[in-house]
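**Q** Under my numbering, the residue at position 225 of the sequence shown is numbered 385, and the numbers go up by one with no gaps. Got a structure here, written out as structure tokens. Questions coming.
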Amino acid sequence: MTASDQSFAYRPVQILSSTPPPSRPYAHHDGGGFREDAGPGALSPGGAGPAGTTSHLDGEYSDAVEFAGAGPGHPAAALDPGAGPLHPDSATASLYLHGGSHSVTTNASSLSVNDVDARHYAMASPLLAGYSSTDRLDDDDAQARANAKQLDRLQRLKSATFWFSVLVLMLGGIVIGFSASTIVNSRMIFLIPMMPYSYVALGSFIFLTSFLGWYSSRRNSRRFLLAYIGLLLVAIISITSIVFYTHFHDRSEFPALLNQFWVDTYNANDPDGFIRDTECDFQCCGLDDPMEYAIPDTCITTSPGCAGEAWVYQGVCEPFIHREVLAMIAINQIVGIASVLLLGVGLTLACLTHKATPSRDDRQREFAAEVERLNRELALAGLN
């Protein structure tokens with residue numbers, strides 16, 4: 161190699177053979193692109209010139225590969241154009257110069273081979289024949305577009321999960337407030353105490369769970385998302401259980417529970433004023449019969465107030481209590497069903513976000529693929 165040739169800092173390649181393996185199919189460039197050709201062809205490295213690089217074979221395909229000088233007796237050089245950065249010891253693909261004469265033109269910035277009879281270049285690969293760097297770059301672009309699309313979908317899912325976590329936070333506050341209001345204002349809380357107190361506990365649980373959803377959407381963590389999904393499942397199952405329990409058990413057992421509660425309260429001299437307030441507000445007397453016990457003052461009236469001795473209320477209190485309790489149960493069930501539906505949507509979004517979020521192994525593979533792609537681009541930029 162002359163002094164002028166050494167100014168081109170092309171990497172050395174391993175000299176393998178002057179004849180391609182006859183059993184390996186290879187691609188043949190005939191001026192219009194690549195086509196597969198089963199025959200090895202004859203090696204004819206005629207002409208003279210320094211080592212160079214095929215830069216643009218036909219203006220459409222670009223395959224930046226190195227090959228040995230074209231002097232008489234020089235064998236062809238082998239390299240792997242599909243393995244990223246060119247390596248001197250790579251031998252999974254070979255470039256063969258054959259089939260006629262050629263000339264080499266050099267200038268200060270590049271080396272190019274000019275075809276004379278338009279059939280000088282053939283490439284053989286055990287994996288894929290005729291796969292040029294343009295094809296590889298197209299694949300890289302397609303993969304980049306797919307990755308960008310996947311990333312955009314992940315960002316939308318994360319945003320949706322974040323805002324649904326805010327809604328879940330508000331839902332927890334609403335459930336707590338509604339249940340606390342029921343406990344404070346409803347006289348019937350003594351008959352079904354489990355439902356409102358359970359909703360207070362679940363509302364607090366949902367309120368705290370929403371912070372985990374917000375945090376997991378910001379951290380892009382599959383583990384936190386998985387924990388968030390598990391807590392949402394616990395909340396959904398718990399609320400559903402309460403709704404079904406109050407619908408089937410409390411409704412069916414309510415008459416017996418009410419009768420026992422009424423007797424116990426009366427025998428304890430009505431410490432909370434439940435019987436007094438019920439008979440006064442609904443203008444009723446007794447649970448099932450006004451004469452079932454000594455008539456209290458709350459059962460008689462001479463004015464809009466609840467005192468006097470003019471007459472006794474003839475209506476019984478059981479229908480009024482039953483109606484009010486059923487209304488309270490229905491309202492709590494509506495709140496529970498709405499909560500389950502909203503939490504179900506949040507659970508679906510969390511599952512989709514978890515599925516779209518790459519794991520640590522996925523991120524490592526993507527990083528390695530990106531490094532390989534950048535190395536190929538750098539190698540091509542240095543040779544073109």
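Ideal placement from N, C-alpha and C gives every residue a C-beta, glycine not left out.
For the candidate residues S364, E439 and V344, whose alpha-carbon lies nearest to that of L331?
**A** S364
**Q** Kindly indicate which three-state DSSP category A320 falls into: helix, strand or coil?
**A** helix
**Q** Would you call the stretch 491-507 and the stretch 387-400 touching, i.e. three or more CB-CB distances under 8 Å?
**A** yes
**Q** Closest to L362 by C-alpha separation, out of R316, R533 and F338, would be which residue?
**A** F338
**Q** Return the chain-ordered list of same chain residues with a C-beta closer than 6 Å to the C-beta of V423, the five sequence neighbours on each side being excluded.
**A** Residues of the same chain with their beta carbon placed closer than 6 Å to that of V423 are lacking, with the five preceding and five following residues left out of the count.
**Q** Near V476, which residues of its chain fall below 6 Å by C-beta distance, leaving aside the five closest residues on each side in sequence?
**A** By the criterion of a C-beta distance shorter than 6 Å, V476 is surrounded in its chain by C444, G446 and D448, once the five residues flanking it on both sides are discounted.
**Q** So, with DSSP's three-state summary, where would you put N419?
**A** helix
**Q** If we call anything under 8 Å between Cβ atoms a contact, is F434 one with S377?
**A** no
**Q** Quick one: what does DSSP say G363 is sitting in, helix, strand or coil?
**A** DSSP, reduced to helix, strand and coil, places G363 within a helical segment of the structure shown.
**Q** Cα separation between Q493 and L386?
**A** 28 Å
**Q** Please go through the same chain and pick out, in chain order, the residues whose beta-carbon is closer than 7 Å to the beta-carbon of R382, but skip the five residues on each side of it.
**A** H514, T517 and S519
**Q** Using the Cα positions of L534 and L329, report the straight-line distance between them to the nearest angstrom.
**A** 44 Å
**Q** Assign M348 to buried or exposed, taking buried as 16 or more other Cβ atoms, counted over all protein chains shown, within 10 Å of its Cβ.
**A** buried
**Q** So, are the CB atoms of T400 and V335 less than 8 Å apart?
**A** no
**Q** Quick one: does the C-beta of I399 sit closer than 7 Å to a heavy atom of the ligand NAD?
**A** Absent from the structure shown: the ligand NAD. Ligands present: none.
**Q** Only counting the same chain, and skipping five residues up and downstream in sequence, which positions put a Cβ closer than 6 Å to that of M355?
**A** T406 and N492
**Q** Run through the stretch 341-404 for me and flag every whole alpha helix (DSSP H) of 4 or more residues, listed as ranges in chain order.
**A** 354-379
**Q** Kindly indicate which residue of L368, I481 and A498 has the alpha-carbon position closest to the one of D437.
**A** The shortest C-alpha separation from D437 is found at I481.
**Q** Apply the 10 Å Cβ neighbour rule to K318 and answer buried if 16 or more other Cβ atoms are within range, or exposed otherwise.
**A** buried
**Q** Please classify S325: is it buried, with 16 or more other beta-carbons within 10 angstroms of its beta-carbon, or exposed?
**A** buried
**Q** Is S339 helix, strand or coil by DSSP?
**A** helix
**Q** Looking only at its chain, what residues have a beta carbon closer than 6 Å to the beta carbon of A490, apart from the 5 residues adjacent to it on each side?
**A** none
**Q** Is N535 helix, strand or coil by DSSP?
**A** helix
**Q** Quick check: L372 and L351, are their CB atoms within less than 8 Å of each other?
**A** Annotated as distal: L372 and L351, with beta-carbon spacing of 8 Å or more.
**Q** Could you give the DSSP three-state label for L447: helix, strand or coil?
**A** coil
**Q** Helix or strand or just coil, what does DSSP make of T517?
**A** The DSSP-derived three-state label of T517 is coil.
**Q** For a quick check, are the C-beta atoms of G333 and F367 less than 8 Å apart?
**A** Contact check for G333 against F367 passes: the beta carbons are separated by less than 8 Å.
**Q** Quick one: give me the first and last residue of the alpha helix (DSSP H) that F442 is part of.
**A** F434 to F442
**Q** Could you tell me how far apart the beta carbons of E478 and L418 are, in whole angstroms, since I believe they sit closer than 8 Å?
**A** Their Cβ separation, rounded to whole angstroms, is 7 Å, which keeps E478 and L418 in contact under 8 Å.
**Q** Suppose you measure from the CA of G309 to the CA of N380; what does that come to, to the nearest Å?
**A** The question names Gly, but residue 309 is Lys in the sequence shown. Distance between the alpha carbons of K309 and N380 is about 17 Å.
**Q** Taking C-beta to C-beta, are M488 and S346 nearer than 8 Å?
**A** yes
**Q** May I ask you to report which of helix, strand or coil DSSP gives N429?
**A** coil
**Q** Excluding the five sequence neighbours on either side, which residues of its own chain have a C-beta within less than 8 Å of the C-beta of I343, listed in chain order?
**A** Around I343: I349, P356, Y357 and V360.
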